[in-house]
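Here the protein sequences line up with chains A and B, keeping their order. Mind the numbering: the first sequence is residues 1 to 102 in the working numbering, read in order. Mind the numbering: the second sequence is residues 103 to 286 in the working numbering, read in order. Backbone N, C-alpha and C define an ideal beta-carbon position, used for all residues, glycine too. Have a look at the structure below before the remarks.
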Amino acid sequence: MESVKFLGPSLGLSAILFTLGVAGVLLRRNAIVLFMCIELMLNAVNLTFVALAQVHGVAGWLMVFFVMTVAAAEAAVGLAIILALFRHRQSVDLANVNLLQG
Amino acid sequence: MMESFVFYLFGAAAVLGGAMCILQRSPVASALWLMSTMFSLAAIYVLLGAEVIGAFQVLVYVGAVLVLFLFVVMLLNLGQRSDDLRGPSGIAAALVIAGLLAIELTVLWRYTPRRLAAEVTQAGVTDVAAAFPAGQMMQRAAAHNVVQSIAEPMFRTYLVPFEITSVLLLAALVGAVVLAKRRI
Chain A
1 MESVKFLGPS LGLSAILFTL GVAGVLLRRN AIVLFMCIEL MLNAVNLTFV
51 ALAQVHGVAG WLMVFFVMTV AAAEAAVGLA IILALFRHRQ SVDLANVNLL
101 QG
Chain B
103 MMESFVFYLF GAAAVLGGAM CILQRSPVAS ALWLMSTMFS LAAIYVLLGA
153 EVIGAFQVLV YVGAVLVLFL FVVMLLNLGQ RSDDLRGPSG IAAALVIAGL
203 LAIELTVLWR YTPRRLAAEV TQAGVTDVAA AFPAGQMMQR AAAHNVVQSI
253 AEPMFRTYLV PFEITSVLLL AALVGAVVLA KRRI
């Protein structure tokens with residue numbers, strides 16, 4: 001029993017952080033802050049993987065590596081898109097991005 | 103006792119950082135609060151026995167991703183804006199969805215390894231070590247040699263995802279350059 005620590009509190013903490021990330025995505029209109037909230041959600045998922053790796057083995061750690069790689073790639077491409085958006089609209093407010101809204 | 107005090111301290115710091123990240127008006131302040139969340143999470147990873155992940159958290163997330171965020175925020179020279187929050191309908195939707203998600207807390211917080219073992223094996227087995235031999239093996243391997251215990255599954259079992267990751271990074275690199283450059 002000693003080898004598995006803080007399983008319940010870790011899962012609860014990751015649920016809190018994920019909830020905060022979802023609330024941030026729904027609340028904010030700034031595209032950059034929205035990306036930060038997505039990173040917050042990915043971090044919450046990573047915490048779940050690390051907590052459950054204590055019982056399920058090292059594969060959980062490897063999933064964290066893959067999630068970190070995808071997050072870094074996503075941040076690079078997303079911020080490039082935001083830069084291109086800012087060049088066209090002079091703003092990163094998502095309310096101004098309505099070209100596909102019909 | 104000491105360990106659980108440190109866990110709850112860093113857990114509270116992580117939650118505070120996340121909450122301030124979504125509530126601050128200035129994007130720079132948001133990024134700095136998110137940075138404190140990520141440092142706290144790195145400390146929690148170390149407490150959970152994953153020192154390698156904690157180090158990578160600091161190097162990759164704080165050292166690379168958040169610095170990139172700060173670069174872009176300062177490049178765009180965004181000021182504080184009063185209408186950054188969505189309208190009342192957006193706030194209501196956020197509160198409802200966040201509330202629904204928060205309900206799962208009450209379930210997850212009381213999860214114990216013993217209960218997980220009993221649920222997975224479905225035979226009333228409550229011995230964690232018998233239900234999850236992989237976890238015990240990892241504990242021993244990690245105490246012995248962390249690099250070997252990570253590298254072996256990474257380059258044997260998960261070789262194909264690893265290679266796909268490298269292709270993904272290359273694609274992201276080229277894509278970011280193409281998107282951000284004015285004329286190719």
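Can you give the Cα-Cα distance for residue 89 of chain A and residue 106 of chain B, rounded to whole angstroms? The residue given as residue 89 of chain A occupies position 89 in the first sequence. The residue given as residue 106 of chain B occupies position 4 in the second sequence. For residue 89 of chain A and residue 106 of chain B, the distance between alpha carbons rounds to 49 Å.
Under 8 Å by Cβ, that's how I've got residue 219 of chain B and residue 171 of chain B pegged, so tell me the actual separation to the nearest angstrom. Against the second sequence, residue 219 of chain B aligns to sequence position 117. Against the second sequence, residue 171 of chain B aligns to sequence position 69. The Cβ separation is near 40 Å, so there is no contact.
Nearest-angstrom Cα separation, counted from residue 166 of chain B out to residue 160 of chain B: On the second sequence, position 58 is the one that residue 160 of chain B refers to. On the second sequence, position 64 is the one that residue 166 of chain B refers to. Counting only the Cα atoms, residue 166 of chain B lies some 9 Å from residue 160 of chain B.
When the cut-off is 8 Å and only beta carbons count, does residue 30 of chain A lie next to chain B? As a working mapping, residue 30 of chain A is identified with position 30 in the first sequence. At least one beta carbon of chain B lies nearer than 8 Å to the beta carbon of residue 30 of chain A.
Taking only the alpha-carbon atoms, compute the straight-line gap between residue 263 of chain B and residue 214 of chain B and give it to the nearest angstrom. Walking along the second sequence from the start, residue 263 of chain B turns up at place 161. Walking along the second sequence from the start, residue 214 of chain B turns up at place 112. Taking the straight line joining both Cα atoms gives about 31 Å.
Measuring only between beta-carbons, confirm whether residue 251 of chain B sits less than 8 Å from chain A. Residue 251 of chain B sits at position 149 when you count from the first residue of the second sequence. By this cut-off, residue 251 of chain B is an interface position.
Does residue 262 of chain B get closer than 8 Å to chain A when you measure Cβ to Cβ? Locating residue 262 of chain B in the second sequence gives position 160, counting from the first residue. Chain A, which has no Cβ nearer than 8 Å to the Cβ of residue 262 of chain B, makes this no.
Expressed to the nearest angstrom, what Euclidean distance is found between the alpha-carbon atoms of residue 65 of chain A and residue 162 of chain B? Here residue 65 of chain A refers to the residue found at position 65 when the first sequence is read from its first residue. Here residue 162 of chain B refers to the residue found at position 60 when the second sequence is read from its first residue. Their backbone Cα atoms lie some 10 Å apart in a straight line.
Between residue 78 of chain A and residue 188 of chain B, what straight-line distance do the alpha-carbon atoms span, to the nearest angstrom? To locate residue 78 of chain A, count along the first sequence from 1; it is residue 78. To locate residue 188 of chain B, count along the second sequence from 1; it is residue 86. It is roughly 21 Å from the alpha-carbon of residue 78 of chain A to the alpha-carbon of residue 188 of chain B.
Inter-stretch contact (C-beta, 8 Å, three-pair minimum) for the segment 148 to 156 of chain B and the segment 122 to 133 of chain B: Flag = no, the segment 148 to 156 of chain B and the segment 122 to 133 of chain B do not touch.
Considering only residues of the segment 186 to 216 of chain B, which uninterrupted alpha helix (DSSP H) runs meet the minimum length of 4 residues and lie entirely inside it, listed in chain order? Taking only runs of at least 4 residues, the alpha helix (DSSP H) segments lying wholly in the segment 186 to 216 of chain B are 190 to 211.
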